[in-house]
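J.: Mapping of the sequence shown onto my numbering: position 358 corresponds to residue 624, and the numbering continues sequentially without gaps. Using N, Cα and C, we set each Cβ at its ideal position, and we do this for glycine too. Since this is a predicted model, take the numbers as computed values, not measurements. The structure is given below, and queries will be raised subsequently.
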Amino acid sequence: MKNDFASSEVRPSRAPTAILGVPFDPVTQSQALARIEQMIASRQPHYLATANVDFVVQAQSDRELRRILSDAHLVLCDGTPLVWASRWLGNPLPERVAGADLVPALIQVAAAKNYKIFLLGATPEAASQAVEKLKVQYPNLQISSYSPPFKPLLQMDHAEISRRVREAKPDLLLVSFGCPKQEKWIAMHYRELGVPVAIGVGATIDFLAGAMKRAPLWMQRTGTEWMFRLAQEPRRLFKRYAMDLGVFGFKFLWQLWRFQSRGGKPGGEKSCAATLRTNGWQHLGLPERFDRAAVENSAPLFERVLDDDTRHCLLEMRDVRFLDSTGAACLMRLRREFSARGRQMILLSPGKAVRAALKFMRVQDFFLIADDIHAAHRLNHAWIKERAQPVLTTNPLLWQGEITVANAEQVWQATERRLAARAHDELTIDLSRVRHLDSSGAELMARLRTVAGQLNSRFSFVNASPAVRNVLRHARLETLLVIPPPLKPIPATARTQLALSQPT
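Structure representation (structure tokens):
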């Protein structure tokens, strides 16, 4: 996949900026449309987020959502308060790119260029009305829809939904499940659907159907559209808006003080040092101030580093004394790009200022951090082993690394074999070395507990980290960490039949 730092003809003129740990791309709506057309032309899978203040607030407590937004191929600013915030942080976003404005523009482009669109979500009535209205407006538009029954994310019929999307073969998938459900569903499935672009669009399908009205244009332009929405749905939105205002306002002021007022006066080197290439590694030295100026001046160097497909990267951060919102966003994007290429990026010897900044953004555990070269090599060696073997058949069974949609099937097969072979014994899975778990991993845990119950086996997960517990809590699956009591035995033949009947 092409890297976002390199050859895009419509790449933004400025670097991204991170607001409370969410990296926003500084693009206009026309630039976003051009980027999406490039993604469609590439035929590679991408997912986009149109993030507003509520997204940012939810991401403060929802680790998986925070990771999804960090890894998104494009994060658009769907909130005027976020535009204002970016100005205070010194890297202003050019404009609000609302999903409710972007989607109609995309539909117009799709009608002109014969792109196929699939609407997923909303109510059946709203989806069908939206399709009918759009076909009247654009007779040649290729558009279809499906509204699955409303269920929690992990109880949905994922196979049926995916089948319908694949059969339609769309170029654009617009998912309307609401945040964060739509973002988590997209993250679980976008790689396997064969769709170039998937976007979470919230209530946009209801707007297209006419079931909900947009605020007057003057309210959209002045950042007061939220008042119009509140008047439409006061019971549903009052509590959310009040909480968003309090959480975002307090935390943003704290970010502004920490990332701007404590930065001191600009000075010293304005770009990163040239790389050294040794033993499969690239060494890149960051300047004392890794801020917007340093990021933008170093863009050509980042391009060269990413274009070297054979080496991992060590970011030498020993000299960094100040990291601003743009520098933090740049680190998140570099990590994403290296990960997409199957390579690793390690932060080497970061000082207190860098560690504190990443901790404030709640992204510190997204990075591998080493205190010296030897520790970095050990980390990378362990990372390679984790990717090759996420399940160690020790006693207890040990899961390690990241348990995500990328390796969930591999983890399932290894664990299910062990469960079937030892159905008459207690089976314990140690989660102490799991750094990250997504909804696919949580679904896998629930499925294993179900199989164990059918086998009448004593099965438990132990030593879950706070990161894993966070994902399970938001999936309402924390009960998976409760050790169950022993159950009555069942005949061995029944255990074998149940084990063999499970999908692989």
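#1: Would you kindly work out how many angstroms separate the C-alpha atoms of residue 276 and residue 300, rounded to a whole number?
#2: For residue 770, count neighbouring Cβ atoms within 10 angstroms of its own Cβ and tell me buried if that reaches 16, exposed if not.
#3: Here's the rule: buried if 16 or more other CB atoms are within 10 angstroms of the residue's CB, otherwise exposed. What is residue 402?
#4: Give a yes or no on whether the C-beta atoms belonging to residue 604 and residue 579 are separated by under 8 Å.
#5: How about residue 420 and residue 726: are their beta carbons less than 8 Å apart?
#6: Using a Cβ distance threshold of 8 Å, determine whether the stretch 392 to 400 contacts the stretch 475 to 484, with at least three qualifying pairs required.
#7: So, is residue 482 buried or exposed, given that buried needs 16 or more other C-beta atoms within 10 angstroms?
#8: Leaving out the 5 sequence neighbours to the left and right, which residues in its chain are closer than 7 Å to residue 287 when beta-carbon positions are compared?
#9: Taking only three categories from DSSP, how would you classify residue 663?
#10: Considering only DSSP beta bridges, list what residue 237 is partnered with.
#11: When we look at the beta-carbon of residue 297 and count the other beta-carbons within 10 Å, is it buried (16 or more) or exposed?
#12: Pick from 387, 505, 399, 309: whose alpha carbon is nearest that of residue 417?
#13: Give the straight-line distance between the Cα atoms of residue 362 and residue 641, rounded to the nearest whole angstrom.
#14: May I ask you to check if the CB of residue 738 is nearer than 7 Å to at least one heavy atom of the ligand SAH?
#15: Just tell me which of 524, 406, 339 has its CA closest to the CA of residue 464.
#16: Going by CA-CA distance only, name the one from 560, 670, 552, 608 that's closest to residue 577.
#17: Hey, would you say residue 595 sits closer than 8 Å to residue 347, going by beta carbons?
#18: Run through DSSP, which three-state label would residue 696 get?
#19: For residue 272 and residue 566, I'd like the C-alpha separation in whole angstroms.
#20: Given a cut-off of 8 Å, decide if residue 676 and residue 656 are closer than it, judged by their beta-carbon atoms.
#21: Roughly how many whole angstroms lie between the Cα atoms of residue 374 and residue 686?
#22: Go ahead and label residue 285 buried or exposed: buried means 16 or more other beta carbons lie within 10 angstroms of its beta carbon, across all protein chains shown.
#23: Tell me which residue opens and which closes the alpha helix (DSSP H) that residue 509 is part of.
#24: Hey, is the stretch 506 to 517 in contact with the stretch 612 to 623, meaning 3+ C-beta pairs nearer than 8 Å?
#25: Report all residues from its chain with a CB closer than 7 Å to the CB of residue 496; omit the five preceding and five following residues, and keep chain order.
#26: What is the C-beta distance between residue 437 and residue 517, in whole angstroms, given that I count them as a contact (C-beta under 8 Å)?
#27: For the alpha helix (DSSP H) that residue 319 lies in, which residues bound it at each end?
#28: Where in the stretch 575 to 614 do unbroken runs of the alpha helix (DSSP H), each at least 4 residues long, occur, reported from the N-terminal end onward?
#29: Does the beta carbon of residue 559 come closer than 8 Å to any beta carbon on chain D?
#30: Out of curiosity, what's the CA-to-CA distance linking residue 280 and residue 434?
#31: Hey, how far is the Cα of residue 493 from the Cα of residue 323?
T.: Result, derived from the coordinates:
#1: Within the sequence shown, the letter at position 10 stands for residue 276. Within the sequence shown, the letter at position 34 stands for residue 300. Note that residue 276 has pLDDT 41, beneath the 50 cutoff, so the model's placement of it is unreliable and the number below is only indicative. Distance between the alpha carbons of residue 276 and residue 300: 7 Å.
#2: On the sequence shown, residue 770 is found 504 positions in, with the first residue counted as 1. The predicted position of residue 770 is uncertain, since its pLDDT is 45 and thus under 50; no value can be drawn from it.
#3: Start at 1 with the first residue of the sequence shown, and residue 402 comes out as number 136. The residue is exposed, with fewer than 16 neighbouring Cβ atoms inside 10 Å.
#4: Taking the first residue of the sequence shown as position 1, residue 604 is located at position 338. Taking the first residue of the sequence shown as position 1, residue 579 is located at position 313. The answer is yes: Cβ separation under 8 Å.
#5: Here residue 420 corresponds to residue number 154 of the sequence shown, with the count starting at 1. Here residue 726 corresponds to residue number 460 of the sequence shown, with the count starting at 1. In this structure, residue 726 does not lie closer than 8 Å to residue 420 by Cβ.
#6: Short answer: they touch.
#7: The sequence position of residue 482 within the sequence shown is 216, counting from 1. Answer is exposed; the Cβ neighbour count stays below 16.
#8: Translated into positions along the sequence shown, residue 287 becomes position 21. Once the five neighbours on either side are set aside, the close Cβ partners of residue 287 are 325, 332, 627, 628, 629.
#9: Numbered from 1 along the sequence shown, position 397 holds the residue referred to as residue 663. Of the three classes helix, strand and coil, the one that applies to residue 663 here is strand, per DSSP.
#10: The structure shown does not extend to residue 237, since the chain is modelled only from 267 to 770, so the question has no answer here.
#11: Residue numbering aside, residue 297 sits at position 31 when the sequence shown is read from its first letter. When all chains shown are included, residue 297 counts as buried.
#12: In the sequence shown, residue 417 corresponds to position 151, counting from 1. Checked all of 387, 505, 399, 309; the closest Cα to residue 417 is 387.
#13: As a first step, residue 362 must be located in the sequence shown, where it is residue number 96. As a first step, residue 641 must be located in the sequence shown, where it is residue number 375. Approximately 43 Å, taken between the alpha carbons.
#14: With respect to the ligand SAH, the structure shown offers nothing to examine, as it has no ligands at all.
#15: Walking along the sequence shown from the start, residue 464 turns up at place 198. Checking every option, the nearest Cα to that of residue 464 belongs to 339.
#16: For the purposes of this step, residue 577 is identified with residue 311 of the sequence shown, where counting begins at 1. Selected option, being the one with the closest Cα: 608.
#17: In the sequence shown, residue 595 corresponds to position 329, counting from 1. In the sequence shown, residue 347 corresponds to position 81, counting from 1. Not in contact: residue 595 and residue 347 (Cβ atoms no closer than 8 Å).
#18: Counting from 1 along the sequence shown, the entry for residue 696 is found at position 430. Three-state result, residue 696: strand.
#19: Walking along the sequence shown from the start, residue 272 turns up at place 6. Walking along the sequence shown from the start, residue 566 turns up at place 300. In this prediction, residue 272 has a pLDDT of 39, which is less than 50 and means its spatial position is unreliable; what the coordinates show is noted afterwards. Answer to the nearest angstrom: the Cα atoms are 8 Å apart.
#20: Working through the sequence shown from its first residue, we reach residue 656 at position 390. Working through the sequence shown from its first residue, we reach residue 676 at position 410. Going by C-beta atoms, residue 656 is nearer than 8 Å to residue 676.
#21: Working through the sequence shown from its first residue, we reach residue 374 at position 108. Working through the sequence shown from its first residue, we reach residue 686 at position 420. Using only the alpha carbons, I get a separation of about 54 Å.
#22: The count along the sequence shown starts at 1 and reaches residue 285 at position 19. Buried, since its Cβ has 16 or more Cβ neighbours within 10 Å.
#23: Counting from one through the sequence shown, the residue named residue 509 turns up at place 243. Element bounds for residue 509: 500 to 522.
#24: no
#25: Position 230 of the sequence shown, counted from the start, is the residue given in the question as residue 496. Within the same chain, residue 496 has close Cβ partners 503, 504, 507.
#26: Your numbering for residue 437 matches position 171 in the sequence shown. Your numbering for residue 517 matches position 251 in the sequence shown. Actually they do not touch by this definition, with Cβ atoms about 38 Å apart.
#27: If you number the sequence shown from 1, residue 319 lands on position 53. Its alpha helix (DSSP H) spans residues 319 to 327.
#28: 591 to 606
#29: This model lacks chain D altogether; it includes just one protein chain.
#30: The count along the sequence shown starts at 1 and reaches residue 280 at position 14. The count along the sequence shown starts at 1 and reaches residue 434 at position 168. About 37 Å.
#31: By one-based count along the sequence shown, residue 493 stands at place 227. By one-based count along the sequence shown, residue 323 stands at place 57. Straight-line Cα distance between these residues: approximately 18 Å.
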